[in-house]
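Reviewing the structure listed below.
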Amino acid sequence: MAHTIREKAKLLARVRRLKGQMEAVERALEKEAPCGEVLQLLASIRGALAGLTGEVMEDHLHEHVQHAENEQLRAQAVEELAEALRTYIR
């Protein structure tokens, strides 16, 4: 079973928290909150998203690279992660 399926409930809870944080930014903008408040909300979203991304990447490394069934699957998992990292650091 893939790690995203096994950890589905936990990952979805984190996504829902992120969604709530995005909605808080929307509310802050709607009520014309000070920019410092909006920036703080945005910083918390960035941290939460980085945490979620790191967790999925770490699980990917453990399941699909460290414990790959064969070298072909390991190489595929490495390429998937490399591609995600290239996109992530842009």
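Numbering (our numbering), first residue to last: 16 to 105.
For each residue, glycine too, the CB sits at the ideal point set by N, CA and C.
- One thing to note: V53 has its Cβ no nearer than 8 Å to the Cβ of V71.
- Our two residues, V93 and G51, have alpha carbons roughly 40 Å apart in a direct line.
- Only residues of its own chain outside the window of five on either side were considered, and among them A92 have a CB closer than 6 Å to the CB of H79, listed in chain order.
- Counting along the chain, the unbroken alpha helix (DSSP H) around L57 starts and ends at 50–75.
- One alpha carbon belongs to T68, the other to A43, and they sit about 25 Å apart.
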